[in-house]
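Under the numbering used here, the first residue of the sequence shown is numbered 498, with each subsequent residue one higher.
Glycine included, each C-beta is placed from N, C-alpha and C at the ideal position.
Below is one structure, written out as structure tokens; the observations come after it.
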Amino acid sequence: MNPLAMMMFLTSLAIGTTITLSSHHWLLAWIGLEINTLALLPIMTKTPHPRAIEAATKYFLTQATASALMLFSCLINAMQAGEWDINTPSNLMTNSLSIAIMMKLGLAPMHFWLPEVLQGISLVTGLILSTWQKIPPMILLFQISHNINLSLTVILGLTSVLIGGWGGIGQTQIRKIMAFSSIGHLGWIIIILKLNPQLSLFNFILYTIMTTAMFLSMIMLSATKMSQISTSWTKNPALTTTTMLVLLSLAGLPPLTGFPPKLLIIMELIKQNMFISATLIMLASLLTLFFYLRLTYIIALTLSPNTHNSTIWRTPTKPWLVFSIINTMALTLLPLTPAILLT
């Protein structure tokens with residue numbers, strides 16, 4: 498793709514996100530989401546491959562459906578309340594609006610588009626879709642969190658964690674595994690949204706950091722399948738080791754960055770006397786832990802017989818400073834958790 502065109506599309510992504518984040522008006526927020534969607538479609542199809550075209554078509558149809566439902570809900574609210582202010586949604590439209598935003602995020606049971614779309618696009622575009630594109634809808638959910646239905650968030654959160662783990666177990670494609678991982682993490686974020694929005698925001702920030710670190714690792718290793726990961730040890734042992742640790746961090750194992758949000762969410766659910774929900778979400782997360790450990794086993798404890806026993810470590814041609822910083826944050830933020838939560 499022409500660098501000028503790519504810069505224009507990335508600028509449009511930033512502008513759309515900024516409009517949504519800074520708006521107090523539902524119509525402006527909707528316009529920002531639409532700019533985001535339309536800016537990402539050409540980036541998805543920059544490689545003219547049938548899978549990329551199919552992924553872009555599925556993404557467009559899903560986002561268009563969610564946008565139509567969102568606009569319909571906003572019109573109902575404007576008709577009832579006489580205003581378009583984001584902070585005053587009526588009870589009638591909150592549920593339909595929440596479902597529309599959750600469809601944009603890819604929460605279960607509106608998740609079917611996410612694994613297929615992520616599988617059909619490149620790793621760099623997948624990184625944008627899994628992190629940047631989730632910021633505007635998530636901020637809108639935070640803004641209406643005081644009016645959102647608690648039963649809806651708990652049911653969709655539990656369903657997302659269960660499907661995120663169940664769907665990822667039999668996968669061999671890294672991008673599909675990351676899609677189901679995203680669904681599972683969004684379930685953890687949503688289940689606590691009504692009870693503690695600050696904790697949800699903290700979890701979302703850490704999810705973004707860890708997912709970015711994982712995608713950057715895959716980009717550096719040029720790996721999209723498990724079989725390609727299993728041969729990465731002889732190419733770059735240091736990078737393979739950090740990739741393994743980032744996977745364990747995504748799984749939520751201590752003492753890595755992914756552990757504090759899960760611990761704090763469980764503690765908050767118990768504090769709210771939601772013992773059944775806390776038990777169910779912990780049991781459902783065991784499914785997710787299984788496929789993370791499966792990936793870790795393939796990376797760390799298997800060595801492909803087709804690779805030579807070279808002692809020369811081949812480092813990446815572009816040692817990214819950003820990659821090092823993100824990887825460090827994805828592994829070592831546990832001691833800073835109390836300080837972060839107190840700010």
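Asked, Found
"Between the C-alpha atoms of PHE557 and THR534, what's the straight-line distance to the nearest angstrom?", "7 Å"
"Does the contact criterion of 3 or more C-beta pairs under 8 Å hold for the region 740–759 versus the region 820–838?", "yes"
"Given a threshold of 16 other Cβ atoms within 10 Å of its Cβ, counted over all protein chains shown, does PRO634 qualify as buried or as exposed?", "buried"
"Between ILE809 and MET715, what straight-line distance do the alpha-carbon atoms span, to the nearest angstrom?", "In this prediction, ILE809 has a pLDDT of 46, which is less than 50 and means its spatial position is unreliable; nothing more can be read from the coordinates."
"Cβ of LEU637 within 8 Å of Cβ of ALA526?", "yes"
"With burial defined as no fewer than 16 other Cβ atoms inside 10 Å of the residue's Cβ, what is the status of LEU864: buried or exposed?", "With the chain covering only 498 through 840, there is no way to say anything about residue 864."
"Among residues of its own chain, excluding the 5 on either side of GLY681, which ones have a beta-carbon nearer than 7 Å to its beta-carbon?", "SER657, VAL658, GLY661, GLY662, THR785"
"Could you tell me the boundaries of the alpha helix (DSSP H) in which ASN592 lies?", "588–602"
"With a cut-off of 8 Å on the beta carbons, I'd call THR728 and LEU690 a contact; round off their distance for me.", "Actually they do not touch by this definition, with Cβ atoms about 41 Å apart."
"Using the Cα positions of SER807 and PRO734, report the straight-line distance between them to the nearest angstrom.", "Bear in mind that the predicted position of SER807 carries a pLDDT of just 49, short of 50, making it too unreliable to give a figure here."
"Output the boundary residues of the alpha helix (DSSP H) element that contains THR494.", "Outside the displayed range of the chain (498 to 840) lies residue 494, so it cannot be described from this structure."
"When burial is assigned at 16 or more other CB atoms within 10 Å of the CB, is SER648 buried or exposed?", "exposed"
"Quick check: the region 695–704 against the region 607–626, are at least 3 beta-carbon pairs closer than 8 Å?", "no"
"How about ALA676 and LEU761: do their beta carbons lie closer than 8 Å?", "no"
"Cβ of LEU604 within 8 Å of Cβ of LEU683?", "yes"
"With DSSP run on the structure shown, which of helix, strand or coil describes HIS546?", "coil"
"Return the residue from the list TRP685, THR738, ILE796 that minimises the CA-CA distance to MET779.", "TRP685"
"State buried or exposed for LEU501, treating a residue as buried only when at least 16 other CB atoms are found within 10 Å of its CB.", "exposed"
"Restricting to Cα atoms, I'd like to know which of ILE598, GLY579, GLN670 is closest to ILE618.", "GLN670"
"Hey, quick one: how far does the alpha helix (DSSP H) through GLN668 stretch, first residue to last?", "That residue, GLN668, is in no alpha helix (DSSP H); it is neither H nor E in DSSP."
"Quick test of the definition: if touching needs 3 or more C-beta pairs under 8 Å, does the region 506–524 touch the region 533–548?", "yes"
"Using C-beta distances below 8 Å, list every residue in its chain close to ILE674, excluding the 5 sequence neighbours before and after it, in chain order.", "GLY665, GLN668, PHE788, LEU792"
"For THR628, which residues in the same chain have their Cβ closer than 6 Å to its Cβ, ignoring the five residues on either side in sequence?", "THR705, THR708, THR709"
"Considering only residues of the same chain and omitting the five flanking positions on each side of PRO547, which have a CB-CB separation below 8 Å?", "none"
"Identify every residue that forms a DSSP beta bridge with LYS722.", "GLN670"
"At what residues does the alpha helix (DSSP H) containing ASN584 begin and finish?", "Taken as a continuous stretch (DSSP letters only), ASN584 belongs to no alpha helix (DSSP H), as it is neither H nor E."
"When DSSP labels each residue in this structure, what does HIS608 get in the three-state scheme?", "coil"
"Would you say TRP581 and HIS643 are within 8 Å of each other, going by their C-beta atoms?", "no"
"Is the beta carbon of THR834 less than 8 Å from the beta carbon of PRO752?", "no"
"Per DSSP, which residues does HIS522 bridge with? Please list them.", "ASP582"
"Confirm, please, whether the CB-CB distance from ILE550 to THR562 is below 8 Å.", "no"
"GLN630: buried (16+ other C-beta within 10 angstroms of its C-beta) or exposed?", "buried"
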